[in-house]
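Heads up, the thing below is written out as C-alpha cells.
Now the structure itself:
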C-alpha cells in the first residue's frame with residue numbers, strides 16, 4: 612500500500628526520474644504530461660495517468676510540477692483545467708526554474724484558491740534527478 616498519493620505534472624526529461632524515485636520511495640503517483648510516451652513509461656512502473664493537471668489535483672493533496680518554461684508553469688497552475696481547479700490539492704511544488712515574476716503570479720493565483728505554492732527549483736540536471744542527488748532550493752510565501 613502506498614504511503615500517500617502524490618501528483619506530478621510534467622514527467623519529461625527531469626520530471627520522469629523524480630517521479631520514478633517517488634514511486635521507489637513508496638508513494639502512489641498520479642501523473643499528467645502532454646507526451647503520451649513519457650506517461651506510458653511511468654504507467655508501466657505503476658503510476659496512474661489522468662487527463663489534465665486538474666485531474667491530478669482532484670486526486671492528490673501535493674502536486675509537483677516540472678515544466679519547461681515559466682508560461683507553461685503558469686498555464687498548468689492557473690489555466691483552464693489547471694491545478695488551481697482541483698478539488699483536493701493543498702500544495703503545488705514547482706520544481707521548474709520559473710523566476711520571480713511568474714512565481715509571484717502563480718503563488719497569488721493559487722493562494723486565492725487556498726493552495727500553497729512552494730517555489731523549489733532544482734539543480735543537478737538529469738543525472739542528479741536519476742541518482743537522487745538534486746539540490747532543491749525552497750522558498751514559499753508563508
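In my numbering, the protein residues as written are 612 to 753. Every residue, glycine too, gets a C-beta built ideally from N, C-alpha and C.
In this structure, DSSP gives residue 648 a helical state, which the three-state scheme calls helix.
Look at the beta carbons and you see the stretch 671-690 not touching the stretch 646-654: under three pairs across the two are nearer than 8 Å. Shortest Cα-Cα distance from residue 729 to any of 743, 744, 749 and 655 involves 749. Here DSSP, grouped into helix, strand and coil, assigns residue 659 to strand. For residue 689, same chain residues with a beta-carbon under 8 Å away, outside a window of 5 residues either side, are 695, 716, 717, 720 and 721 in chain order. Relative to the Cα of residue 731, the nearest Cα in the group 638, 702 and 724 belongs to 702.
In this structure, residue 668 lies near residue 674, with their beta-carbon atoms less than 8 Å apart. With respect to residue 706, residue 634 sits apart: the two C-beta atoms are not nearer than 8 Å. The Cβ atoms of residue 622 and residue 641 do not sit closer than 8 Å to each other. Taken in chain order, the unbroken stretches of alpha helix (DSSP H) that lie wholly in the stretch 702-738 and span 4 residues or more are 711-722.
Selection 691, 685 and 619 evaluated against residue 659 yields 619 as nearest (Cα-Cα).
In this structure, 672 is the residue among 672, 624 and 723 with its C-alpha nearest to the C-alpha of residue 617. Per DSSP, the beta-bridge partners of residue 619 are 642 and 675. Counting only residues of its own chain and dropping the five nearest sequence neighbours on each side, residue 735 has a CB closer than 7 Å to the CB of 744, 745 and 746.
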